[in-house]
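S.K.:
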Ligand code: 3PG
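Numbering (our numbering), first residue to last: 201 to 414.
Structure below.
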């Protein structure tokens, strides 16, 4: 069944599955089979990072050919990135940091945004922009689960998607925290599996990830 989530919210993006895959695509031919494998494994919110020249074409290909998937753009840093993501069919955006200009651009487009934060001041800035569902990035390097526990006091109304250094080994610990709705990670889409076209392995990794308790 096609996913038709008009004006998807960041909360819906975070609640859909325990893990959002952080995807780096170098070859447009990989985009559709990879997306199908992730969907078959139970993961349909797909963050395609704007880190390669092929990223936007990959998003377009997935949006067109895999209606069960919801394509998002990762590594969105500027208003121009947000515009390009919308044009390519992205239904949500994930950013490594937050600026008021990016927040405004995503609001203007009706594009759900998970802004990246690593400090209390950044959380407060994102909240000023109306954002309360945030990506904690880079999660392990910036304090890991202990940091999220510390933030649960003053930022009791914020929910996080820790990303950066999250693995199949430590994901469950993050997901057990009350202020964590999902995690992000690249481990579901290993570069070697992608290069080899090992879609079965990606499907297995997605299935395991989709079953992590939260
Ligand atoms: C990234 O920006 O690359 C993401 O945070 C993914 O990080 P990871 O490779 O540590 O999962």
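Backbone N, C-alpha and C fix where the C-beta goes; we use that ideal spot for every residue, glycine too.
According to DSSP, simplified to helix, strand and coil, what is residue 274?
M.R.: Of the three classes helix, strand and coil, the one that applies to residue 274 here is strand, per DSSP.
S.K.: What residue from 289, 269 and 306 has the CA that sits closest to residue 280's CA?
M.R.: Among 289, 269 and 306, the Cα nearest to that of residue 280 belongs to 306.
S.K.: Let me have the residue list for the ligand 3PG: C-beta closer than 5 angstroms to any non-hydrogen atom, ordered along the chain.
M.R.: This selection yields 222, 363, 364, 365, 385 and 386.
S.K.: Express the C-alpha separation of residue 231 and residue 326 in angstroms, rounding to a whole number.
M.R.: Answer to the nearest angstrom: the Cα atoms are 31 angstroms apart.
S.K.: Going by alpha carbons, who is nearest to residue 396 out of 226, 275, 255 and 360?
M.R.: It is 226 whose Cα lies nearest to the Cα of residue 396.
S.K.: Is it right to say residue 349 is buried, meaning 16 or more other beta carbons lie within 10 angstroms of its own, or is it exposed?
M.R.: It is exposed - the Cβ of residue 349 has fewer than 16 other Cβ atoms within 10 Å.
S.K.: As a quick exercise: from 216, 277, 330 and 303, pick the residue whose alpha carbon is nearest that of residue 243.
M.R.: For residue 243, the nearest C-alpha among the options comes from 216.
S.K.: Leaving out the 5 sequence neighbours to the left and right, which residues in its chain are closer than 7 angstroms to residue 256 when beta-carbon positions are compared?
M.R.: Once the five neighbours on either side are set aside, the close Cβ partners of residue 256 are 284 and 288.
S.K.: Could you tell me which whole beta strand (DSSP E) segments of length 3 or greater appear in the region 275-344?
M.R.: DSSP runs (the beta strand (DSSP E)) wholly in the region 275-344: 292-294, 312-314 and 333-336.
S.K.: Considering Cα atoms alone, identify which of 304, 308, 293 and 309 is closest to residue 316.
M.R.: Selected option, being the one with the closest Cα: 293.
S.K.: Going straight from the alpha carbon of residue 370 to that of residue 387, what length do you get?
M.R.: Answer to the nearest angstrom: the Cα atoms are 12 angstroms apart.
S.K.: Quick one: what does DSSP say residue 210 is sitting in, helix, strand or coil?
M.R.: Residue 210: helix per DSSP, three-state reduction.
S.K.: Taking C-alpha atoms, which residue in 311, 286, 291 and 323 lies nearest to residue 299?
M.R.: Closest option to residue 299, Cα to Cα, is 323.
S.K.: Can we say the region 360-380 touches the region 332-342, given the rule of at least three CB pairs closer than 8 angstroms?
M.R.: Judged by Cβ distances under 8 angstroms, the region 360-380 makes contact with the region 332-342, as three or more pairs qualify.
S.K.: Using 9 angstroms as the threshold, is the C-beta distance between residue 241 and residue 402 below it?
M.R.: It is a contact, given that the beta carbons lie within the stated cut-off.
S.K.: Quick one: residues in its chain with C-beta nearer than 6 angstroms to the C-beta of residue 202, no 5 flanking neighbours on either side, listed in chain order?
M.R.: Residue confidence for residue 202 is low, a pLDDT of 46 falling below 50, so the modelled location carries little weight and cannot support an answer.
S.K.: Could you check whether residue 372 and residue 342 sit closer than 9 angstroms to each other, using their CB atoms as the reference points?
M.R.: No, these two residues do not count as a Cβ contact at 9 angstroms.
S.K.: Taking only the alpha-carbon atoms, compute the straight-line gap between residue 310 and residue 356 and give it to the nearest angstrom.
M.R.: Their backbone Cα atoms lie some 26 angstroms apart in a straight line.
S.K.: For the beta strand (DSSP E) that residue 246 lies in, which residues bound it at each end?
M.R.: Unbroken beta strand (DSSP E) run through residue 246: 245-249.
S.K.: Express the C-alpha separation of residue 229 and residue 249 in angstroms, rounding to a whole number.
M.R.: Cα to Cα, the separation comes out at about 16 angstroms.
S.K.: To the nearest angstrom, how far is it from the Cα of residue 380 to the Cα of residue 320?
M.R.: When rounded, the distance between both Cα atoms is 16 angstroms.
S.K.: Report the rounded CA-to-CA distance for residue 295 versus residue 223, giving the unit in angstroms.
M.R.: The alpha-carbon atoms of residue 295 and residue 223 are separated by roughly 13 angstroms.
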